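Worksheet: the structure to be examined is printed underneath.
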């Protein structure tokens, strides 16, 4: 049983960064998922896949794993590169291609 400790990525459908400040602990699947022959649904007998724990800091998540004897892997977050953009840049003379309607 191995756990992953990571910071979740920002939701691609929204501009906010909700639920991305906390560290999350998820368990790696121990058994592969199987397709049920009757309905065609994907299922698994591994119940630990449904558990998600959230911690305020990475150190709290690591301490939890060490206290419970769980093997873990820490995945460091990648910082996004933000460049400031202004609406007036659409009409700038330095624009690479001319703006048209």
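In the numbering used here, the protein residues as written are 150 to 250.
In this text, a Cβ means the ideal position worked out from N, Cα and C, and glycines have one as well.
Computed from a prediction, not measured in an experiment: that's the story for all the values here.
Rounded Cβ spacing between residue 195 and residue 173 (contact assumed at less than 8 Å): Not quite, the Cβ-Cβ distance comes to about 18 Å (not below 8 Å), so this is no contact.
Quick check: the stretch 158 to 167 against the stretch 182 to 201, are there 3 or more CB pairs under 8 Å? no
Would you list the residues sitting across from residue 110 in a DSSP beta bridge? Outside the displayed range of the chain (150 to 250) lies residue 110, so it cannot be described from this structure.
Which first and last residues belong to the beta strand (DSSP E) in which residue 223 is found? Following the DSSP letters along the chain, one finds residue 223 inside the beta strand (DSSP E) bounded by residues 220 to 223.
Whole-Å CB distance - residue 185 paired with residue 192, under 8 Å assumed: 6 Å
In the DSSP output, what is residue 184 paired with across the bridge? 191
Mapping the DSSP letters down to three states, classify residue 153 as helix, strand or coil. strand
Cα-Cα separation, residue 161 to residue 215: 33 Å
Could you compute how far the alpha carbon of residue 229 sits from the alpha carbon of residue 217? 33 Å
How would you label residue 210, buried or exposed, when you count the other beta carbons within 10 angstroms and need 16 or more for buried? Residue 210 is buried by the Cβ-count criterion.
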